[in-house]
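Offset between the sequence shown (1-based) and the numbering used here: plus 791. Where a beta carbon is used, it is the ideal one built from N, C-alpha and C, also for glycine.
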Amino acid sequence: MSDQPTVNVYGADWCGDCKRAKAALIQYGVAFVWH
792 MSDQPTVNVY
802 GADWCGDCKR
812 AKAALIQYGV
822 AFVWH
């Protein structure tokens, strides 16, 4: 089991802020589930 929790992210593919947030999570290696 990972020592980091998984972050739940609620966003829309058409939302610019959501895209930037998703890119930042990927860049920093944060485990997340996109809803």
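Counterpart residues of residue i in DSSP-defined beta bridges
i: residue 825; result: 800
Other residues of its chain near residue i: CB distance less than 8 Å, five sequence neighbours each side excluded
i: residue 824; result: 797, 798, 799, 800
i: residue 826; result: 799, 800, 801, 802
Own chain residues within Cβ distance below 7 Å of residue i, not counting five before or after
i: residue 809; result: 802, 803
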